[in-house]
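This report concerns only the one structure given below.
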Amino acid sequence: MTTRLRTFIMHVEDLPGVLNRVTSLFRRRGYNIESLAVGRTEVPGVSRMTIVMEADDDSARRIEANLYKLVNVLRVEDTTWRPTVTRELALIKVRTSEATRAQILQLTEVFRARVIDVAPEALIFEITGTRDKVDSLADVLAQYGVVELVRTGAVAMIRSANTVEATPTIQEQPQTNAA
Amino acid sequence: MSTRTGAQILWEALHREGVEVVFGYPGGAIMPAYDALLDTPIRHVLVRHEQGAAHMADGYARVSGKVGVAIATSGPGATNLVTGIATAMLDSVPMVCITGQVASKFIGSDAFQETDITGVTLPITKHNYLVTKASDIAKTIREAFYVARSGRPGPVLVDITKDAQQEKCEPVFSDEPVRMRGYRPEHSAKQDDLARAAELIDQAKRPVILCGHGIVRAEATTLLRALVVKTGIPVASTLLGLGGFPATHPLSLGMMGMHGEAWVNHAIQEADLLVALGMRFDDRVTGKLETYAQGAKKIHCELDPAEINKNVRADVALIGDVRETIEALLPLVEPRDHHDWIARIAELKGDAAVRDIQSMPHQGRLFAAHVMHDLWRITEGKAVVVTDVGQHQMWEAQYYKHDHPRKLVTSGGLGTMGFALPAAIGARFAARDEEIWVVAGDGGFQMTACELSTIAQEGVKLNIAIINNGYLGMVRQWQQFFYNGRYSATPLKSPDFVKLAEAHGLFGLRVSTRDEVAPAVMRARAARGTVLIDFRVEQEDAVYPMVPAGAALNEMIRRPSSIVETAEDE
Numbered sequence: 001m002t003t004r005l006r007t008f009i010m011h012v013e014d015l016p017g018v019l020n021r022v023t024s025l026f027r028r029r030g031y032n033i034e035s036l037a038v039g040r041t042e043v044p045g046v047s048r049m050t051i052v053m054e055a056d057d058d059s060a061r062r063i064e065a066n067l068y069k070l071v072n073v074l075r076v077e078d079t080t081w082r083p084t085v086t087r088e089l090a091l092i093k094v095r096t097s098e099a100t101r102a103q104i105l106q107l108t109e110v111f112r113a114r115v116i117d118v119a120p121e122a123l124i125f126e127i128t129g130t131r132d133k134v135d136s137l138a139d140v141l142a143q144y145g146v147v148e149l150v151r152t153g154a155v156a157m158i159r160s161a162n163t164v165e166a167t168p169t170i171q172e173q174p175q176t177n178a179a
Numbered sequence: 001m002s003t004r005t006g007a008q009i010l011w012e013a014l015h016r017e018g019v020e021v022v023f024g025y026p027g028g029a030i031m032p033a034y035d036a037l038l039d040t041p042i043r044h045v046l047v048r049h050e051q052g053a054a055h056m057a058d059g060y061a062r063v064s065g066k067v068g069v070a071i072a073t074s075g076p077g078a079t080n081l082v083t084g085i086a087t088a089m090l091d092s093v094p095m096v097c098i099t100g101q102v103a104s105k106f107i108g109s110d111a112f113q114e115t116d117i118t119g120v121t122l123p124i125t126k127h128n129y130l131v132t133k134a135s136d137i138a139k140t141i142r143e144a145f146y147v148a149r150s151g152r153p154g155p156v157l158v159d160i161t162k163d164a165q166q167e168k169c170e171p172v173f174s175d176e177p178v179r180m181r182g183y184r185p186e187h188s189a190k191q192d193d194l195a196r197a198a199e200l201i202d203q204a205k206r207p208v209i210l211c212g213h214g215i216v217r218a219e220a221t222t223l224l225r226a227l228v229v230k231t232g233i234p235v236a237s238t239l240l241g242l243g244g245f246p247a248t249h250p251l252s253l254g255m256m257g258m259h260g261e262a263w264v265n266h267a268i269q270e271a272d273l274l275v276a277l278g279m280r281f282d283d284r285v286t287g288k289l290e291t292y293a294q295g296a297k298k299i300h301c302e303l304d305p306a307e308i309n310k311n312v313r314a315d316v317a318l319i320g321d322v323r324e325t326i327e328a329l330l331p332l333v334e335p336r337d338h339h340d341w342i343a344r345i346a347e348l349k350g351d352a353a354v355r356d357i358q359s360m361p362h363q364g365r366l367f368a369a370h371v372m373h374d375l376w377r378i379t380e381g382k383a384v385v386v387t388d389v390g391q392h393q394m395w396e397a398q399y400y401k402h403d404h405p406r407k408l409v410t411s412g413g414l415g416t417m418g419f420a421l422p423a424a425i426g427a428r429f430a431a432r433d434e435e436i437w438v439v440a441g442d443g444g445f446q447m448t449a450c451e452l453s454t455i456a457q458e459g460v461k462l463n464i465a466i467i468n469n470g471y472l473g474m475v476r477q478w479q480q481f482f483y484n485g486r487y488s489a490t491p492l493k494s495p496d497f498v499k500l501a502e503a504h505g506l507f508g509l510r511v512s513t514r515d516e517v518a519p520a521v522m523r524a525r526a527a528r529g530t531v532l533i534d535f536r537v538e539q540e541d542a543v544y545p546m547v548p549a550g551a552a553l554n555e556m557i558r559r560p561s562s563i564v565e566t567a568e569d570e
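Top line first, the protein sequences correspond to chains V and L.
Residue numbering for the first sequence follows my numbering, starting at 1 and increasing by one per position.
Residue numbering for the second sequence follows my numbering, starting at 1 and increasing by one per position.
Here it is, written out as structure tokens:
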């Protein structure tokens, strides 16, 4: 079965140690997390995680089932087959000189990256976008010398009025359509 | 209501959960709880090592079906529980472990006897809690018991800081059902899946039911019998499923897997349908997955959705309590009689008559298999047998025929040596009037032999059979088969077990011929106190048949003809 990058949206109880429980599960079952972003939500006491990882359909289903076994996990949604917007933010520090600065600014304009710090020998750019867009900008800037790069990891949301509710009214079972 | 200390609230909460007995060991961080223990009706069993406490709680839980409780102090007391907790986790045993923790202001400071035990036990508990306030104790204990026993059961650890035990507050005890917003233990099989399963069962020509631990856990033995009687499908058992279906029933095939009966494994490989009930297709059961029951459709009835399609792909998955699932399935299936298929299995059975105990000549030597057979015969198959891990465990599973659930207590998933003796002490408190036999090897017995003192102090009556072959037998067997007979660290020198029993004020006996087996067993049964029998068995006997790890289920090593005439196997 082919693997693909998958994005899970999870709602968990905002309690000490819950992040550890989630990551420990991925570690124990041998799944590698590409990125993970955590923060508070519109509901008090509930945190939202966006986890990106590589998995095939079967593993994805089992990960979901295993996540539901964690007592503090309220809701898991594999967004792979749903219309989703995904964004991440990156800060990139690039080496600049008199000769290259204009060129770099022109290039980053194309990506709609913003300059957020200017120093004689370096610029810091902020870029928001999909993973691919951030990758592309990093590639383009590589020739000038990327001094530092940090990215937040993806956050995701289902499009239109569809929601992933923090507190599901219907207790849905994880999907385990065999065969 | 007046204020009470956290420690008093703890015992009150345990009492409200119906706890009669706890197994534990005191120490600094749990002393407030031990002080309050003196004023409760709950019995405390003082163990000799905390691992023993966890196994006792486990043995108690497996035999009673209730939640077992172990208690220990912080640091080394807590870490000593770890093996017992992992054992319970892999066999889905409901258990609550209570540990003391250093005072909350010292947490994270590497204080004396501080261990991050919730961190340590994270992957081997169903859930765990750190409690730092007296006012959280009652609610947490209630949740812990609920989580431990509901859904797929498992161990839950509650770590309580010393200051939380000492702090006073006005406790609030609730009798309301526990509500936890993130915990969904109940599932029910879907109607159309049940219909599809019934259709597959009706169409099958060579079906086999696989009876797992879930049947025992869910108290589904009567319903399983009804299903078997109606559908005429023969039943194979996992190690932990033994007793879930009567071993002496004509449609009982016996144990499957690595040391399963040859005809059982052949039948599974020839089957066109497997109905797996409350089992998880462990590697010891399937052998090489790529060759496992290739011609069979699989119906997987399982409470834990994460087990579906983990090892073996299910054609129909019935996620839910296995008892409810069978109940729903029963009216949907047609009455059947699989005459040809049963005849085919009988043929396989006849072919594999090598394992017939009567045809195994002993010529003055003592075989462990004979000990097990005689034990079964003399106890009329009614005893609770608690086995350790290794060769004797497999011989017991093969030759002691369990007709009732909760009569075999053994560490299946984790394979924990040293389990039997303490687990049997726990079992004693769950089955006060039943005959209990500990069956252990000379190796495993020594891992927790210190609990003989617990037996003496608590006045516990057990019968102990040590299957003593002077080797770490199962590892020796693997070395014989797979490492060119190079015995590395397997010859084992043991103490004089008879004298060891006597040193504890218990009675010891030694048996080295078959003629002595029955009298010794009868003597042990008749004695008021604990009797230990040191069975000096054949040293280099092996457990047959054996599916080598990673081999196909039908590729078994069979007993060589030097001991007994064997029929040829494909």
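Even glycine gets a Cβ: it sits at the ideal position worked out from N, Cα and C.
Per the C-alpha coordinates, the member of ALA189/L, ILE308/L, ILE464/L and LYS168/L positioned closest to ALA440/L is ILE464/L.
What ARG6/V touches in chain L, judged by beta-carbon distance under 7 Å, is nothing: the nearest beta carbon there is about 17 Å away. If you draw a straight line from the Cα of ARG4/L to the Cα of VAL172/L, it comes to about 11 Å. Just so you know, the alpha carbons of ILE124/L and THR99/L end up roughly 15 Å apart. Within chain V, VAL71 have C-beta atoms less than 9 Å from the C-beta of VAL147/L, given in sequence order. Note on ARG28/V: under 16 other CB atoms within 10 angstroms of its CB, so exposed under the neighbour-count rule. Check the Cα spacing between GLN477/L and each of MET447/L, THR238/L, MET360/L and GLN391/L: the tightest is with GLN391/L.
Taking the beta carbon of PRO123/L as reference, the chain V residues within 7 Å of it are SER24 and ARG28, listed in sequence order. Taking a contact as a CB-CB distance under 8 Å, the pair ALA88/L and ASP58/L counts as one, their CB atoms being some 5 Å apart. It is roughly 16 Å from the alpha-carbon of ARG61/V to the alpha-carbon of THR50/V. Per the C-alpha coordinates, the member of ALA113/V, ALA55/V and GLY153/V positioned closest to THR2/V is ALA55/V. If only complete runs of 3 or more residues are kept, the segment 160-247 of chain L shows the beta strand (DSSP E) at 207-211 and 235-237, in order along the chain. Leaving aside the five residues that flank ARG510/L on each side, the residues in its chain whose CB is nearer than 7 Å to its CB run, in chain order, VAL498, ASP534 and ARG536.
Close partners of ASP58/V in chain L (Cβ separation under 7 Å): ASN309. Considering only beta carbons, the part of the segment 164-190 of chain L lying closer than 8 Å to chain V consists of MET180, ARG181, GLY182, TYR183, ARG184 and HIS187, in chain order. Residue-level contact check: THR118/L touches chain V, since one or more beta carbons of chain V fall below 9 Å from its beta carbon. The segment 487-501 of chain L makes no contact with the segment 517-528 of chain L, as fewer than three CB pairs between them are under 8 Å. In the displayed model, GLU109/V falls within a helix according to three-state DSSP. Taking 9 Å as the cut-off, the Cβ atoms of CYS301/L and ALA189/L count as close. Linking VAL147/V to LEU36/V through their CA atoms gives a straight-line distance of about 23 Å. When rounded, the separation of the alpha-carbon atoms in MET10/V and LEU303/L is 23 Å.
A buried status is given to THR221/L, since no fewer than 16 other beta-carbon atoms sit within 10 Å of its beta-carbon. Under the three-state reduction of DSSP output, MET157/V falls in the strand class.
Non-local beta-carbon contacts of SER411/L in its own chain, meaning distances under 7 Å to residues more than five positions away in sequence, involve THR87, ASP91, VAL389 and PHE419 in chain order. Annotated three-state conformation of HIS15/L is helix, per DSSP.
The DSSP-derived three-state label of ASN20/V is helix. Less than 9 Å divides the Cβ of VAL102/L from the Cβ of ALA111/L. For SER512/L, the three-state secondary structure derived from DSSP is coil.
If you ignore the 5 residues before and after GLY473/L, its C-beta comes within less than 7 Å of the C-beta of GLY390, GLN391 and GLY441, all in its own chain and listed in chain order. The beta carbon of THR387/L sits closer than 6 Å to the beta carbons of GLN393, GLU396, THR410, ALA420 and VAL439 from its chain, once the five residues preceding and following it are set aside; these are given in chain order. By alpha-carbon distance to ASP283/L, the top candidate from TYR292/L, LEU277/L and ALA343/L is TYR292/L. About 11 Å separates the CB atoms of GLY320/L and GLY278/L; that is not less than 8 Å, and the two are not in contact. Taken in chain order, the members of the segment 67-99 of chain V whose beta-carbon sits within less than 8 Å of a beta-carbon on chain L are TYR68, LYS69, LEU70, VAL71, ASN72, VAL73 and LEU74.
DSSP places LYS93/V in the strand class (E or B) of the three-state scheme. Non-local C-beta neighbours of ARG280/L in its own chain, meaning closer than 6 Å and more than five positions away in sequence, comprise GLU307, ordered along the chain. LEU130/L has a beta carbon lying within less than 9 Å of a beta carbon in chain V.
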